[in-house]
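Just so we're aligned: the sequence shown equals residues 0 to 151 in numbering that gives the first Met the number 0.
Note that the Cβ used here is the ideal one computed from N, Cα and C, for glycine as well.
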Amino acid sequence: MTTESRASTRRSSLVPGVRVVARAAALTALAGVVLVVVAAVVHGGEAAAAAAVGAGLVLLVVSFGTLSLHVVASAMPTASLLVAMVTYATQLAIVLLVFLAITRGDVFSSDQARGWLAAAMVLSTLVWTAAHLVLTARERAPYFDLPPGGES
């Protein structure tokens, strides 16, 4: 008789999170590319550049924030709620400050380009949120570990 568990060793909790972030980022980038093409066809190069900057900004900020949250949650699960709240507030502040700097500066001077910048940021945020939510729900990662020996 042995006391070893037959349960397979659970993979690192960081791996599913990284996979979800990579897939959500790919879907967000795809939506950004589509929007850049539409902006280029409808209003030209400046609008396409603005759409690319907007989508790229959101993609970069949310991907980095979510990855850092997964790293912290895999190392210290008890701190994950605090880190999630701080990460969300920081992401929001960064995106808003960069958006204000771009719109108040002379980078994109036309109203159409600024509209495409805002549209790309909103669309990228919506696609990221929906993709991250769906992919996380489909990831079969356990939220808790059973004690050795099954039920207790």
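Problem set entry | Distance between His42 and Ser79 (C-alpha atoms, nearest Å) | Approximately 43 Å, taken between the alpha carbons.
Under DSSP, the alpha helix (DSSP H) around Arg137 begins and ends at which residues? Per DSSP, the unbroken alpha helix (DSSP H) holding Arg137 starts and ends at 110 to 137.
**OP:** Below 6 Å CB to CB, which residues in the same chain sit around Val57 once its five sequence neighbours on both sides are set aside?
**Re:** Cβ neighbours of Val57 within its own chain (closer than 6 Å, five residues either side excluded): Met120, Ser123, Thr124.
### Message
With the cut-off set at 8 Å, would you say Ala161 and Ala130 are in Cβ contact?
### Response
The structure shown does not extend to residue 161, since the chain spans only 0 to 151, so no value can be given for it.
Exercise for review: Report yes if the CB atom of Leu13 is closer than 8 Å to the CB atom of Ser73, and no otherwise.
Suggested key: Cβ atoms of Leu13 and Ser73: closer than 8 Å.
Inter-residue Cα distance where the pair is Ala118 and Ala47
Approximately 11 Å between the Cα atoms of the pair.
- Assumed close pair Val71, Gln90 - CB separation to whole angstroms, cut-off 8 Å: Their Cβ separation, rounded to whole angstroms, is 14 Å, which puts Val71 and Gln90 out of contact at 8 Å.
Worksheet item: Tell me which same chain residues have a C-beta within less than 6 Å of the C-beta of Ala51, skipping the five on either side of it?
Response: Excluding positions up to five away in sequence, the list reads Val35.
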